[in-house]
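Heads up: the structure comes next, in structure tokens.
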Amino acid sequence: MSTAFVRLLEVTKRFGGRTVVDRASLDVAEGEVVALLGASGCGKTTVLRLVAGLETPAEGEIWIAGRRVATGGRSLVPPHARGVGFVFQDLALWPHLTVGDSLDFVLGAAGMRQPERRGRIAEVLRLVRIEPFARKYPSRLSGGEQQRVAIARALVAHPQLLLLDEPMSSLDADLKASLLRELAALRSRLGLTAIYVTHDREEAAAFAQRIVLMREGRVEQAGTTKVSRSELKSKASNK
Numbered sequence: 003m004s005t006a007f008v009r010l011l012e013v014t015k016r017f018g019g020r021t022v023v024d025r026a027s028l029d030v031a032e033g034e035v036v037a038l039l040g041a042s043g044c045g046k047t048t049v050l051r052l053v054a055g056l057e058t059p060a061e062g063e064i065w066i067a068g069r070r071v072a073t074g075g076r077s078l079v080p081p082h083a084r085g086v087g088f089v090f091q092d093l094a095l096w097p098h099l100t101v102g103d104s105l106d107f108v109l110g111a112a113g114m115r116q117p118e119r120r121g122r123i124a125e126v127l128r129l130v131r132i133e134p135f136a137r138k139y140p141s142r143l144s145g146g147e148q149q150r151v152a153i154a155r156a157l158v159a160h161p162q163l164l165l166l167d168e169p170m171s172s173l174d175a176d177l178k179a180s181l182l183r184e185l186a187a188l189r190s191r192l193g194l195t196a197i198y199v200t201h202d203r204e205e206a207a208a209f210a211q212r213i214v215l216m217r218e219g220r221v222e223q224a225g226t227t228k229v230s231r232s233e234l235k236s237k238a239s240n241k
């Protein structure tokens, strides 16, 4: 139906009597990185959860890679079959599983045969630079190390689409900047389409190619990050 890799058509989501996403429409091209920018509570995270299949739209349609995955009131494709990797804001690491076991669990759920899992786990541990942590539990890792584990878990099952919900919000400024550069390089290397949720304009401009502004559940404005970067440079030079 659409040349867009991800398409939301007039999507609405309600919780009880409250409309959280209100007739939102959005196209994301294959290989594009889009940042959803807006204040807390504007519906950004809910949009990610709708795309991932963790929520179902009350109205509208969602398409991924040419497949209609959800339509008003119905999920047509379950989350594990959508080809999506998700990095949650609170990371949501499983405390009772080691890093290696967490990755193995994801691959098992995705249907990968046991003999193939070990090689894939080793590959992703190298990719995200956490090889020494394979047998450690999350509680034994620093904030930055936990962040890398969450990214590895999102990537291990070869997703087509990467969804990131304020993944750097708990990190200090220096570590955030360093990890953001690494994440951008990794995404580019893998050629993934990505949607990155944040309330930080500078973070959005640093990572994404296009920024989509949301307010009160609606998509209000979209544009390339070139403007945002020039605005940031201008502000810095005026300080």
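Remember, the working numbering sits 2 above the position in the sequence shown when you count from 1.
Quick reminder that beta carbons are idealized off the backbone N, C-alpha and C, glycines included.
Restricting attention to Gly18, Gly40, Gly19 and Thr14, the CA atom closest to the CA of Tyr198 is found in Gly40.
With respect to the 7 Å criterion, Arg9 and Asp29 are classified as neighbours on the basis of their beta carbons. Between the C-alpha atoms of Ala208 and Val214 there is a straight-line separation of about 14 Å. Between the segment 94 to 112 and the segment 132 to 142, the count of Cβ pairs shorter than 8 Å is three or higher; the stretches touch. Across the structure, Thr14 and Val221 are spaced so that their CA atoms are roughly 11 Å apart. Counting C-beta atoms within 10 angstroms of its own C-beta, Gln223 has fewer than 16 neighbours from the protein chains shown and is therefore classed as exposed. Val86 is not a Cβ neighbour of Arg212, given a cutoff of 7 Å. In the displayed model, Ile132 falls within coil according to three-state DSSP, outside both helix and strand.
Less than 7 Å divides the Cβ of Ala196 from the Cβ of Leu164. Selection Glu57, Ser104 and Gly146 evaluated against Leu185 yields Gly146 as nearest (Cα-Cα). Rounded to the nearest angstrom, the gap between the Cα atoms of Gly18 and Ser42 is 19 Å.
Between Ala72 and Ile66, the CB-CB gap reaches or exceeds 7 Å. Taking 8 Å as the upper bound for CB-CB distance, Gln149 and Pro134 are not in contact here, some 16 Å apart. The segment 8 to 89 contains, as complete beta strand (DSSP E) runs of 3+ residues, the segments 8 to 17, 20 to 30, 35 to 39, 61 to 66, 69 to 73 and 86 to 89 (chain order). Within the same chain, Val13, Thr14, Lys15, Leu52, Ala72 and Gly74 come within 7 Å of Pro59 by CB-CB distance, once the 5 residues on both sides are set aside.
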